[in-house]
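Letter by letter, the sequence shown follows residues 1 to 407 of UniProt numbering.
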Amino acid sequence: MLSVVSHVSGDATNSSLNVVHEWVQIEYDWPSDQIKDNYTRRGLYSPEKSHLSGIDVYKDDIYVTVLRMTPAVPSGLNKVVVKNGKSLLQPFPSLQDNELGNCGSIQSPFSTLTDPNTGLMYVVDVGRTWRGPPNSYAPCPPKILVYDLNNKATLVRSHELPESLAPKNESILNDLVLDYITRDGQVARYAYITDIGSVQIIVFDFLTNKSWSFRHDSMKPDEDRVINFNGVNNSELGYPVDGIAMDSSFQYVYYCAIGSRRLYQIPTSVLRDPNGDFAGHVRLLGKKVSNTDGMASGQNSIYYGALTLNAAYKWEKNKDVAEQQVPEGRVTLATQTVVAQDEIKLVFVDSLKVDTEGYLWFTSSRAQKFFTDTMDWTGASGSNYRINKVFVGDRSYLVKGTSVVVG
């Protein structure tokens with residue numbers, strides 16, 4: 001049994017928290033009013049159905065995903081733009097590229113990850129909506145898409161996952177990390193993807209176009225799935241493996257279930273082998289301060305939302321490696337530090353990314369209200385969706401070169 005004393009630090013303040021964009025309801029940048037009216041008449045647009053989820057940053061642009069739980073969400077992948085002082089979501093690469101029911105288009109993307117070294121955006125697409133009239137749109141196969149942001153967002157890769165691995169009526173591709181194998185690699189070789197529908201971690205090899213997966217009890221929710229959450233007692237977050245992170249040397253992957261506080265580590269050498277002994281190498285590191293949705297990988301720390309605390313935290317991994325005087329394969333979860341906390345602005349921290357300039361970006365979305373149909377769309381309770389950033393002095397695990405940024 002693992003016994004870990006976790007030290008929680010509260011030395012961070014909200015002095016550097018910056019709400020970059022916020023909405024009561026998500027608003028889109030439509031090509032024309034006529035197209036907006038057409039989508040509305042056809043039941044393809046209803047403002048209350050759009051729920052902000054994933055975030056990605058590249059150079060000066062912010063990209064977000066919107067959960068496509070019903071057909072009434074016009075675009076799952078979007079770029080944030082500002083027009084006439086209003087923050088809008090511009091369908092990306094275009095509205096047509098998000099056409100529902102066209103399996104060659106983006107259907108239901110949960111997350112994206114843009115490699116700062118190459119400008120390649122990796123998108124995981126569930127392939128279907130979750131709710132709505134039965135059989136209104138036949139499900140498409142889950143797929144991985146790759147766009148070149150340095151070349152007019154050209155689609156350079158599209159790979160459908162086989163039904164035997166990711167059943168299109170069950171699989172929900174949620175989040176991903178990239179593996180270069182070594183720091184001097186030129187392009188990502190593997191993607192590791194959490195699948196909360198089939199409760200597995202999927203591996204995709206970009207060189208061979210082959211994919212496989214691993215399943216383990218550590219990916220399931222446990223006794224910590226029942227929490228006290230924003231004044232609601234005994235709320236159940238019974239969701240499995242979701243958050244995933246990678247160390248900057250590409251030796252270890254870290255993951256957690258939403259319905260658990262436990263953080264696990266698995267060597268990438270195991271994941272790269274379709275016959276790898278997952279059960280024999282997975283390792284429990286300890287418990288996080290709270291249940292977590294998304295995670296993000298820096299070069300020094302791993303960042304995560306603390307759902308019960310209305311906060312974003314970091315595990316100072318490199319510090320613990322040094323203080324415990326052990327290699328990363330033996331480190332335990334000890335130093336957890338609050339990065340930002342706010343009882344109003346940071347309700348349900350969802351998706352996080354570390355950029356190249358020392359900032360942590362993350363969404364907060366009041367998801368617990370959206371999923372229980374109790375969201376206040378009038379604005380009387382303030383903004384429901386926010387894109388936030390805070391300086392952390394770290395860089396994305398993918399960035400080559402120095403890991404420390406001076407603010």
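Backbone N, C-alpha and C define an ideal beta-carbon position, used for all residues, glycine too.
query = Between the beta-carbon of ILE181 and the beta-carbon of TYR190, is there less than 9 Å?
reply = yes
query = How many Å lie between THR129 and VAL199 at the Cα?
reply = 18 Å
inquiry  = With a threshold of 7 Å on Cβ separation, who are the neighbours of PHE391 within its own chain once the five nearest residues in sequence on each side are excluded?
reply    = SER16, GLY358, TYR359 and GLY407
query = What do you get for ILE344, buried or exposed, if any count of 16 or more other CB atoms within 10 angstroms of its CB means buried?
reply = exposed
Nearest residue (CA-CA) to GLY259, options TYR252, GLY286 and LYS220 = LYS220
Runs of beta strand (DSSP E) wholly within the region 96-151 (minimum 3 residues, chain order) = 109-114, 120-125 and 143-148
task = Can you tell me which of SER111, LEU44 and LYS86 puts its alpha carbon nearest to the alpha carbon of GLU99?
result = LEU44
query = CB-CB under 6 Å to VAL354, same chain, minus the five flanking residues each way: which ones, in chain order?
reply = ALA296, GLY298, LEU360, ASP394 and SER396
key: Cα-Cα separation, ASP350 to VAL66   = 12 Å
Sequence-distant residues of its chain with Cβ nearer than 6 Å to SER50 (five each side left out) = ILE26, VAL66 and VAL73
request  = Would you list the residues sitting across from ILE62 in a DSSP beta bridge?
outcome  = VAL57
task = Using only alpha-carbon positions, find the residue among ALA138, LEU161 and SER94 that is nearest to ASP125.
result = LEU161
message = With three or more beta-carbon pairs closer than 8 Å as the criterion, would you say the region 204-219 touches the region 304-316?
response = no
ask   = For PHE278, which residues of its own chain have a beta-carbon under 7 Å away from its beta-carbon, when the five flanking residues on both sides are left out?
value = PHE214, HIS216, ILE266 and VAL270
key: Alpha-carbon to alpha-carbon, VAL187 and THR118   = 7 Å
query = CB-CB under 6 Å to ARG68, same chain, minus the five flanking residues each way: which ones, in chain order?
reply = GLY76, SER108 and THR129
inquiry  = Closest to LEU165 by C-alpha separation, out of LEU285, PHE204 and ARG157, would be which residue?
reply    = PHE204
request  = For VAL399, I'd like the list of residues in its chain whose CB is within less than 6 Å of its CB, leaving aside the five on either flank, ordered along the chain.
outcome  = PRO116 and THR356
Nearest-angstrom Cα separation, counted from ILE244 out to ARG283 = 14 Å
ask   = Hey, out of LEU52, ASP60, GLY54 and TYR147, whose CA is closest to ASP97's CA?
value = TYR147
inquiry  = Counting C-beta neighbours from all protein chains within 10 Å, is the total for ILE35 16 or more, i.e. buried, or is it exposed?
reply    = exposed
inquiry  = Helix, strand or coil, according to DSSP, for ILE35 in the structure here?
reply    = helix
query = Going along the chain, which unbroken runs of the beta strand (DSSP E) with 3 or more residues stay wholly within the region 290-369?
reply = 295-297, 302-306, 311-315, 335-341, 349-354 and 359-364
request  = Kindly indicate which three-state DSSP category ARG386 falls into: helix, strand or coil?
outcome  = strand
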